[in-house]
Amino acid sequence: MNNRPPEYAPTSTTSFTVSTDASVYNQEISRASLVKTPLHKSLFDSLAEIYSILPTLEMIEVSFLKDYITDKEKYISTTYRLIHQYQMVLKMFSENEAKLNLLITEVLPGLQRDMSNFLDLLQSKFNINFPHAVIRLKNGLPATIEQINGLQPNNVNSRLVAEITGNFITCMDAVKLNYKSKDQLHPLLSELVLSLNELNEGLEFNGKSKLINWLIKINNLTGELTQDESDSFLNDLDIAYKGFYTTLE
């Protein structure tokens, strides 16, 4: 019979000395004591957002591999949305020098400033095990899309496809939120069209021409779109969105 006390139990060979520092004796651990500055809070919030993306994407990838997800369209759109969200967080790191420096010095020493080894270091530091999600985020493309107009995927194409998907989603969300004026809609649609041209100016797909027509119409808009026009615009965006990723298959 093993009479050895559990490791956490006090024994004759262990000791504990009560702190005599009155400033910390009854001090509670609070959020403020863990998050030192607003910059730390912003950093941890961004890392938490990435951590929320990883298990979600892992579940989607595994479900797709096991044929639990059979709707190809929903798989592609959902995966693109998560990839775009991840890339937006990385972009915010790159555009905030102080935040990036804090990430490198206090959280992920050895991180390249171009974030190229971010996922590898993140996995190692926090013992993260979402292999399918990591592969998907590194590739920047859903599993169903292996080439773009006959070209093998590369970092530039992957970035642009994810960016275009994000632009589509942003435009559709804006219309759903009742954005109807030129100032609200024109910058979003312009960014979408420019991204499409950057990927391949000659790329044609169902609904693309209507995007150009809407860009012209909104540019000449003096008031706001009517509800019927907003509904029509949203429908044309949805058609173009589906037409776009159909060309990627």
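Anchor point for the sequence shown: position 5 equals 5 in the UniProt record's numbering, and the numbering is continuous, going up by one each time. Think of the CB as a built atom: it goes at the ideal place given N, C-alpha and C, for glycine as much as any other residue. Being a predicted model, the structure only gives us computed values, none of them experimental.
Going by DSSP, name the residue or residues bridged to Tyr181.
The residue labelled residue 181 in the question sits at position 181 within the sequence shown. For clarity, residue 181 is Ser in the given sequence; the question names Tyr instead. DSSP output for Ser181 lists Glu224 as bridge partner(s).
Under 8 Å between C-beta atoms of Glu198 and Leu160:
On the sequence shown, residue 198 is found 198 positions in, with the first residue counted as 1. On the sequence shown, residue 160 is found 160 positions in, with the first residue counted as 1. Against a cut-off of 8 Å, the Cβ pair of Leu160 and Glu198 comes out as a contact.
Contiguous alpha helix (DSSP H) assignments of at least 4 residues, all confined to the UniProt domain "VPS28 N-terminal" (18-147)
22-25, 31-34, 38-65, 72-95, 97-102, 118-126 and 131-139
Please classify Pro131 as buried or exposed, where buried requires at least 16 other C-beta atoms within 10 Å of its C-beta.
For the purposes of this step, residue 131 is identified with residue 131 of the sequence shown, where counting begins at 1. Exposed is the call here.
Anticipated Cβ contact below 8 Å, Ile218 with Lys182, distance rounded:
By 1-based counting over the sequence shown, the position of residue 218 is 218. By 1-based counting over the sequence shown, the position of residue 182 is 182. Going by Cβ atoms, the distance from Ile218 to Lys182 rounds to 6 Å, so yes, they are a contact pair.
Could you please give the first and the last residue of the uninterrupted alpha helix (DSSP H) stretch that includes Asn200?
Your numbering for residue 200 matches position 200 in the sequence shown. Careful: Asn200 lies outside any alpha helix (DSSP H) and carries neither H nor E.
For Met88 and Ile239, the rounded distance between their alpha carbons
Residue 239 sits at position 239 when you count from the first residue of the sequence shown. Residue 88 sits at position 88 when you count from the first residue of the sequence shown. Approximately 25 Å, taken between the alpha carbons.
Is it true that the CB of Ala133 sits closer than 8 Å to the CB of Leu57?
Within the sequence shown, residue 57 is the residue found at index 57, counting from 1. Within the sequence shown, residue 133 is the residue found at index 133, counting from 1. Contact: yes.
Using alpha carbons as the reference points, say which of Gln123, Ser124, Ala162 and Leu121 lies closest to Leu141.
Locating residue 141 in the sequence shown gives position 141, where the first residue counts as 1. Checked all of Gln123, Ser124, Ala162 and Leu121; the closest Cα to Leu141 is Ala162.
By Cβ distance, which residues of its chain are closer than 6 Å to Phe205, with the 5 residues on each side in sequence left out?
Locating residue 205 in the sequence shown gives position 205, where the first residue counts as 1. The residues are Gly243, Phe244 and Thr247.
Taking only beta-carbon atoms, is Leu34 less than 8 Å away from chain B?
Although the question refers to chain B, the structure presented lacks it and comprises just one protein chain.
Distance, Phe233 Cα to Phe126 Cα:
The residue given as residue 126 occupies position 126 in the sequence shown. The residue given as residue 233 occupies position 233 in the sequence shown. If you take the alpha carbons of Phe126 and Phe233, they lie about 44 Å apart.
Using a Cβ-Cβ cutoff of less than 8 Å, which residues in the same chain neighbour Met172 once the five nearest sequence positions on both sides are dropped?
Along the sequence shown, read from residue 1 onward, the residue named residue 172 stands at position 172. Only Leu234, Leu237, Asp238 and Tyr241 meet the Cβ criterion.
Asn117 burial status per 10 Å Cβ neighbour count (16 or more: buried)
Numbered from 1 along the sequence shown, position 117 holds the residue referred to as residue 117. Per the 10 Å Cβ criterion, exposed.
Using alpha carbons as the reference points, say which of Lys176, Arg113 and Gln85 lies closest to Ile164.
Locating residue 164 in the sequence shown gives position 164, where the first residue counts as 1. Among Lys176, Arg113 and Gln85, the Cα nearest to that of Ile164 is on Gln85.
Looking at the structure shown, is Thr170 part of a helix, part of a strand, or coil, going by DSSP?
Looking up residue 170 in the sequence shown gives position 170. Residue state, collapsed to three classes: helix.
Nearest-angstrom Cα distance between Glu97 and Ile83?
As a position in the sequence shown, residue 97 is number 97, starting the count at 1. As a position in the sequence shown, residue 83 is number 83, starting the count at 1. Roughly 23 Å separates the two Cα atoms.
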